[in-house]
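Take a look at the structure below.
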Amino acid sequence: MAATTSSTPLVQLSHVSKSFGPVQVLKDVSLDMYRGEVLCLAGENGAGKSTLIKILTGAIPRDGGEYRIDG
Numbered sequence: 005m006a007a008t009t010s011s012t013p014l015v016q017l018s019h020v021s022k023s024f025g026p027v028q029v030l031k032d033v034s035l036d037m038y039r040g041e042v043l044c045l046a047g048e049n050g051a052g053k054s055t056l057i058k059i060l061t062g063a064i065p066r067d068g069g070e071y072r073i074d075g
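All the letters of the sequence shown, read from the start, carry residue numbers 5 to 75 under the numbering used here.
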């Protein structure tokens, strides 16, 4: 069975940022994720992959921007 995507994002990030002290880990991150879509976060150590997931799960607060889950 083929995966289908919707025109409405399941997860939407707009201009999300996060710093730990003087180190800016995420800067102006924006992306849309759609139902049925497979997404890969790739990057070097310290690139902000885990920080982004922690923001999406509510484990840590973001410094700026906004995100929506399921509308």
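C-beta atoms are modelled at their ideal positions from N, C-alpha and C, and glycine is treated no differently.
Predicted, not measured: the structure shown is a model, and the values here were computed from it.
Buried or exposed for isoleucine 59, please, with buried defined as at least 16 other CB atoms from any protein chain shown within 10 angstroms of its CB. By the neighbour-count rule (16 or more Cβ atoms within 10 Å), isoleucine 59 is buried.
Taking the alpha-carbon positions, what's the leucine 17 to glycine 69 distance? 8 Å
Residues near arginine 66 in its chain [Cβ-Cβ closer than 6 Å; skip 5 each side]: Val20, Lys22 and Ile59
Report yes if the C-beta distance between valine 33 and leucine 56 is below 8 Å; otherwise report no. Yes, they are a contact pair.
Please report the straight-line C-alpha distance between serine 54 and leucine 45, rounded to a whole angstrom. 9 Å
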